[in-house]
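Residue numbers (my numbering): 189 to 382.
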């Protein structure tokens with residue numbers, strides 16, 4: 189499945205009121221690209237949560253009116269919403285938010301072993317099944333409790349197709365021209381991506 193097809197699939201799931209989507213991977217860059225690709229067309233806000241930083245509105249979230257587009261790279265890190273580093277507090281906070289959004293919860297599954305967190309998660313998922321917001325849980329070795337897994341859609345992140353890899357390698361070679369001597373023919377690039 190191509191990247192564009194994966195983005196379209198994710199958009200369909202969100203528009204179909206799927207409250208919980210699971211992406212089992214440690215490749216957060218790919219998850220981020222998928223989420224932001226989907227939300228760009230849907231014009232939905234994106235929030236990211238990790239236990240280290242709490243809940244933040246993603247800097248590349250569509251229609252982020254607080255974003256400083258002139259800030260230097262790496263300087264656009266948003267401040268966490270107060271008191272959202274704890275899973276239970278974060279879930280209570282997003283349940284009270286009144287607009288459609290995608291909430292990307294990084295490495296969240298192990299927090300669901302706490303029965304209070306699991307219960308709150310279920311209540312948020314129930315609410316989101318009616319208002320088109322979505323919880324995306326990502327991480328490695330995700331195992332959801334049975335009471336939650338029946339509401340979850342497991343999104344299989346496929347490896348990039350050869351054409352996409354060819355494009356990526358070609359972009360890198362073009363970017364390095366003039367700075368580093370790179371001698372790759374188109375045939376060499378095809379052999380590299382196989």
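Glycine included, each C-beta is placed from N, C-alpha and C at the ideal position. Just so you know, these numbers come straight off a predicted model, no measurement behind them.
DSSP state of residue i mapped onto helix, strand, coil
{"i": "residue 289", "result": "strand"}
{"i": "residue 243", "result": "strand"}
{"i": "residue 268", "result": "coil"}
{"i": "residue 191", "result": "helix"}
{"i": "residue 343", "result": "coil"}
{"i": "residue 213", "result": "coil"}
{"i": "residue 350", "result": "helix"}
{"i": "residue 330", "result": "coil"}
{"i": "residue 280", "result": "helix"}
{"i": "residue 274", "result": "coil"}
{"i": "residue 355", "result": "helix"}
{"i": "residue 364", "result": "helix"}
{"i": "residue 312", "result": "helix"}
Identified DSSP bridge partners for residue i
{"i": "residue 323", "result": "208, 291"}
Cβ neighbours of residue i in the same chain (closer than 7 Å, five flanking residues each side left out)
{"i": "residue 357", "result": "377, 380, 381"}
{"i": "residue 354", "result": "377, 378, 381"}
Chain-order list of residues whose beta-carbon lies under 6 Å from that of residue i (same chain, five-residue window excluded)
{"i": "residue 305", "result": "275, 276, 299"}
{"i": "residue 236", "result": "244, 246, 292"}
{"i": "residue 370", "result": "361, 364"}
{"i": "residue 198", "result": "222, 226"}
Where the beta strand (DSSP E) containing residue i begins and where it ends
{"i": "residue 381", "result": "No beta strand (DSSP E) holds residue 381; the alpha helix (DSSP H) holding it covers 374–381."}
{"i": "residue 238", "result": "233–238"}
Range covered by the alpha helix (DSSP H) that runs through residue i
{"i": "residue 219", "result": "216–230"}
{"i": "residue 297", "result": "No alpha helix (DSSP H) contains residue 297, which DSSP labels as neither H nor E."}
{"i": "residue 337", "result": "334–337"}
Expected contact under 8 Å - CB spacing of residue i and residue j to nearest Å
{"i": "residue 290", "j": "residue 312", "result": "Actually they are not in contact, since the Cβ atoms of residue 290 and residue 312 sit about 13 Å apart, beyond 8 Å."}
{"i": "residue 207", "j": "residue 344", "result": "19 Å between Cβ atoms; not a contact."}
{"i": "residue 330", "j": "residue 212", "result": "5 Å"}
{"i": "residue 327", "j": "residue 294", "result": "7 Å"}
{"i": "residue 308", "j": "residue 279", "result": "4 Å"}
Contacts around residue i, its chain only, beta-carbon distance under 8 Å, and the 5 residues preceding and following it disregarded
{"i": "residue 335", "result": "306, 310"}
{"i": "residue 201", "result": "209, 322, 341, 343"}
{"i": "residue 268", "result": "241, 242, 243, 244"}
{"i": "residue 203", "result": "230, 320"}
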